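The next block holds one structure in the form of structure tokens; read it before the comments.
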């Protein structure tokens, strides 16, 4: 186990280096003028000042020097103040957000985290339940139904499904609005009496003992959760089904049946735990994918997470912000993937020998 | 299918051997491919899938006849009936910029007045026209992206698998790095970087989908090659001194490539979906280009009024769903056919 974890840990610096190179490669597509937003708030209009900025921050230096400055920042010799440097969490200035990219992340990422936490439970629980039903009733009505369900689920683009949800549950029924919270709730949240403990709105509202705000927040999250759930159920159903079918064919299951165990116990106690091993990995990677900011879902529902921040910046061609956000997401995903892989090593001993 | 060959006179060895009639088609395709084709043609699910795909192919080919363009040189520009923001309902009449009347309209409806069959979207873009010509955009991008990603995937995967060792390790770590970011996000950022350089066209999104789309193929083909590489005929070719490139091209790839080829051809649905997602997010084609994702994105400003303007979501949305579903249905049936455990159970 130790070797497995060590080997997996050794991959992390490689991935980190690779992702920074990948993102920096795209940064270097930009002109020096555009890149100056990495270090200064306002790109000077005046040509002379512009040249001074480009010179000061070495925006026409050789590429490896620029990469280094991009990583650790550059000290302004006049003031002795460090500007830029992604390793210090300075991702530059966001033109579309009118604030540092790091602040944008601080504002948006808790919302994405909140959505992930609430979405993953129904996704995994219901998805697994459906997959097991399909496998236990192999080729029966539940199986065929599940099949239709999953083909439809995989064929629906997120944004089409999301728009249809909005059409039905918002435009027609007025049940579940898009966005993050209603106006009255936002006013409370922005006021002095509100205390942010975790920055996750659902949990903070409970800690502030404001049940009305909790309900309001949840109402805004129903549609994104439903959209994410439906599209992921199809995948969970498929994986659980095929893994369960495989397990039900094993000899030890036949033995259990031959001993005369009731079918319920055979399925629930003997087959299910082993069948769920690949599903656990899938669940891990789904959490990772959700954390990465579900770009389209957040955009459709106007949900202020990190995914919609990326999409907004991209649509406005604010490339530097896009790349800053992407870099942050990449770093989060590398860590999250590591956690999933190590957890998988604990669950399934076979993987360690690989 | 199986029948016993009756020996003419004599009692040869053939007496006990059951022979199957092998038709010319099977001889042409080889037994494995033939089995897959037959199984696919027998499954109702995949027949429905093929029917959907065929329907869209016909629409794409007949687009100039179904919805004649206003400017034959720029058929992908959706004709707009004025500039008002509010969408117009279905069957409302054309007022301005009316394209030629399609030939099939009068025999069916008996009038000369061409209408907005499916209504107009924000900015008076005709939905019917956009959907019909969007089919061409879908096939164009789908085919190009699939073809190029496949080629890149095959080249990278086969080089990696054939040379093994350090080369393999470096290439596969590169693949890991490329896979760190979620696909749509990665494609989105690259398209955003490229758009200011290349201008708004099909190009940025296409390049972005290609750049981050080939890794899956290279992994699959690498695995298949690693298993084919162990076979005796490869060793034999090496022993007699055949060049590396020739062994790879003539002996290994043809034997390893088939599953990848089939899977790739069915990935067109996913590619079109991703492309539509990018244009939905506002990256890629210029405004007014016949492209399903963009047509859908017009609906984003009308979310509160979708109970009235439902058609601006439902028609382009359903078109996209049916298109993707066609490929998925065939793919689903195919996955069963490929699954070795299903073999010998009457196909799918």
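Residue numbers (our numbering), protein chains in the order written: chain A, 1 to 354; chain B, 1001 to 1348. Each residue gets a CB set at the ideal place from its N, CA and C atoms; glycine is no exception. Keep in mind it's a predicted model, so treat the numbers as computed, not measured.
Determine the direct distance from the alpha carbon of residue j to that of residue i, and round the result to whole angstroms.
{"i": "residue 194/A", "j": "residue 108/A", "result": "18 Å"}
{"i": "residue 89/A", "j": "residue 341/A", "result": "26 Å"}
{"i": "residue 1150/B", "j": "residue 1260/B", "result": "8 Å"}
{"i": "residue 1331/B", "j": "residue 1046/B", "result": "8 Å"}
{"i": "residue 310/A", "j": "residue 276/A", "result": "34 Å"}
{"i": "residue 371/A", "j": "residue 139/A", "result": "Nothing in the structure corresponds to residue 371/A, since chain A is present only between 1 and 354."}
{"i": "residue 1100/B", "j": "residue 1069/B", "result": "7 Å"}
{"i": "residue 1133/B", "j": "residue 1154/B", "result": "32 Å"}
{"i": "residue 377/A", "j": "residue 94/A", "result": "Given a span of 1 to 354 for chain A in the structure shown, any question on residue 377/A remains unanswerable."}
{"i": "residue 1269/B", "j": "residue 1128/B", "result": "21 Å"}
{"i": "residue 1344/B", "j": "residue 144/A", "result": "With a pLDDT of 44 at residue 1344/B, under the threshold of 50, the modelled position of that residue is not reliable, and no figure is offered here."}
{"i": "residue 58/A", "j": "residue 324/A", "result": "19 Å"}
{"i": "residue 3/A", "j": "residue 1235/B", "result": "35 Å"}
{"i": "residue 269/A", "j": "residue 262/A", "result": "11 Å"}
{"i": "residue 1084/B", "j": "residue 1072/B", "result": "25 Å"}
{"i": "residue 1/A", "j": "residue 258/A", "result": "36 Å"}
{"i": "residue 1027/B", "j": "residue 1147/B", "result": "28 Å"}
{"i": "residue 1281/B", "j": "residue 1318/B", "result": "18 Å"}
{"i": "residue 165/A", "j": "residue 29/A", "result": "39 Å"}
{"i": "residue 950/B", "j": "residue 1206/B", "result": "Since the displayed chain B opens at 1001 and closes at 1348, residue 950/B lies outside it and no answer follows."}
{"i": "residue 1347/B", "j": "residue 1035/B", "result": "Low per-residue confidence applies at residue 1347/B: pLDDT is 32, beneath 50, and the placement is therefore not dependable enough to give any value."}
{"i": "residue 1342/B", "j": "residue 1335/B", "result": "Only weak support exists for where residue 1342/B lies, its pLDDT of 47 falling under 50; the value from the coordinates is given anyway. Taking the straight line from one Cα to the other gives about 10 Å."}
{"i": "residue 305/A", "j": "residue 1041/B", "result": "46 Å"}
{"i": "residue 7/A", "j": "residue 345/A", "result": "12 Å"}
{"i": "residue 289/A", "j": "residue 332/A", "result": "10 Å"}
{"i": "residue 1263/B", "j": "residue 248/A", "result": "28 Å"}
Would residue i and residue j be called neighbours here (beta carbons separated by less than 8 Å)?
{"i": "residue 297/A", "j": "residue 227/A", "result": "yes"}
{"i": "residue 336/A", "j": "residue 282/A", "result": "no"}
{"i": "residue 38/A", "j": "residue 92/A", "result": "yes"}
{"i": "residue 1111/B", "j": "residue 1333/B", "result": "no"}
{"i": "residue 1060/B", "j": "residue 1135/B", "result": "yes"}
{"i": "residue 221/A", "j": "residue 118/A", "result": "yes"}
{"i": "residue 322/A", "j": "residue 34/A", "result": "no"}
{"i": "residue 358/A", "j": "residue 284/A", "result": "Outside the displayed range of chain A (1 to 354) lies residue 358/A, so it cannot be described from this structure."}
{"i": "residue 200/A", "j": "residue 110/A", "result": "yes"}
{"i": "residue 27/A", "j": "residue 70/A", "result": "yes"}
{"i": "residue 240/A", "j": "residue 330/A", "result": "no"}
{"i": "residue 1164/B", "j": "residue 1225/B", "result": "no"}
{"i": "residue 1298/B", "j": "residue 1097/B", "result": "no"}
{"i": "residue 237/A", "j": "residue 131/A", "result": "yes"}
{"i": "residue 1115/B", "j": "residue 155/A", "result": "no"}
{"i": "residue 115/A", "j": "residue 176/A", "result": "no"}
{"i": "residue 1142/B", "j": "residue 1078/B", "result": "no"}
{"i": "residue 76/A", "j": "residue 179/A", "result": "no"}
{"i": "residue 1124/B", "j": "residue 1082/B", "result": "yes"}
{"i": "residue 1160/B", "j": "residue 1092/B", "result": "no"}
If we define contact as Cβ-Cβ less than 8 Å, is residue i a contact residue for chain C?
{"i": "residue 1080/B", "result": "Included in the structure are the protein chains A and B, with no chain C among them."}
Tell me whether the region 304 to 321 of chain A and the region 1180 to 1197 of chain B touch, counting them as touching only if at least three CB pairs, one residue from each stretch, are closer than 8 Å. yes
In chain order, what are the residue ranges of uninterrupted beta strand (DSSP E) at least 3 long that sit wholly in the region 70 to 101 of chain A? 74 to 76 and 81 to 83
Go through the region 1151 to 1235 of chain B residue by residue and report every complete run of the alpha helix (DSSP H) that reaches 4 residues or more, in order. 1165 to 1178, 1183 to 1198, 1203 to 1211 and 1215 to 1229
List in chain order: all unbroken alpha helix (DSSP H) runs of 4+ residues lying wholly within the region 1059 to 1122 of chain B. 1063 to 1066 and 1105 to 1109
Give me the subset of the region 106 to 123 of chain A whose CB atoms are less than 8 Å from a CB atom of chain B, sorted by chain position. none
Can you confirm whether the region 1165 to 1177 of chain B touches the region 1280 to 1299 of chain B when touching is taken to mean that 3 or more C-beta pairs between the two stretches lie within less than 8 Å? Contact fails: fewer than three Cβ-Cβ distances are below 8 Å.
Meets three-Cβ-pair contact criterion under 8 Å: the region 1274 to 1289 of chain B and the region 1199 to 1209 of chain B: yes
Under 7 Å (Cβ pairs) to chain B, residues found in the region 305 to 330 of chain A: 310, 311, 314, 315, 317, 319, 322, 323, 326, 329 and 330
Taking beta-carbon pairs under 8 Å, can you tell me which members of the region 151 to 175 of chain A lie near chain B? 151, 152, 154, 155, 156, 157, 158, 159, 160, 163, 164, 166, 167, 170, 171 and 172
Given 8 Å, three or more beta-carbon pairs between the region 1177 to 1184 of chain B and the region 1236 to 1246 of chain B: Short answer: they don't touch.
Check each residue of the region 12 to 44 of chain A: if its Cβ is closer than 7 Å to any Cβ of chain B, include it; give the result in chain order. 14, 15, 18, 19, 22, 26 and 29
Mind checking the region 331 to 347 of chain A against chain B and listing, in chain order, the residues whose C-beta falls within less than 7 Å of any C-beta there? 333 and 334
Interfacial residues, the region 1263 to 1292 of chain B to chain A, with Cβ spacing under 7 Å: Answer set for the region 1263 to 1292 of chain B: 1273, 1276, 1277, 1280, 1281, 1282 and 1283.
With 9 Å as the limit, tell me which residues of the region 1188 to 1206 of chain B have their beta carbon closer than that to any beta carbon of chain A; keep them in chain order. 1188, 1189, 1190, 1191, 1192, 1193, 1194, 1195, 1196 and 1197
Interface residues of the region 1299 to 1332 of chain B facing chain A [CB-CB below 7 Å]: 1299, 1303, 1304, 1305, 1306, 1307, 1310, 1313, 1317, 1320, 1321, 1324, 1325, 1328, 1329 and 1332
Using a Cβ-Cβ cutoff of 9 Å, what residues of the region 1160 to 1171 of chain B are near chain A? List them in chain order. none
Members of the region 1211 to 1231 of chain B near chain A, C-beta cut-off 9 Å: Taking 9 Å as the upper bound on Cβ-Cβ separation, chain A lies near no residue of the region 1211 to 1231 of chain B.
Taking a Cβ distance cut-off of 9 Å, strictly less, list which residues of the region 119 to 149 of chain A are near chain B, in chain order. 147
According to a CB-to-CB cut-off of less than 7 Å, which residues of the region 223 to 238 of chain A neighbour chain B? none
Which runs of the alpha helix (DSSP H) fall wholly inside the region 8 to 61 of chain A and span at least 4 residues, in chain order? 32 to 35 and 47 to 56
What are the residues in the region 265 to 297 of chain A lying within 8 Å of chain B by C-beta distance? 289, 292, 293, 295 and 296
Proximal residues, the region 238 to 250 of chain A versus chain B, C-beta separation under 7 Å: none
Quick one: which residues of the region 178 to 192 of chain A get their C-beta closer than 8 Å to a C-beta of chain B? List them in chain order. 178
In chain order, which beta strand (DSSP E) runs of at least 3 residues are fully inside the region 146 to 177 of chain A? none
The region 47 to 64 of chain A / the region 13 to 21 of chain A touching (three or more Cβ pairs under 8 Å): A contact is defined here as three or more CB-CB pairs under 8 Å, and the region 47 to 64 of chain A fails this definition with respect to the region 13 to 21 of chain A.
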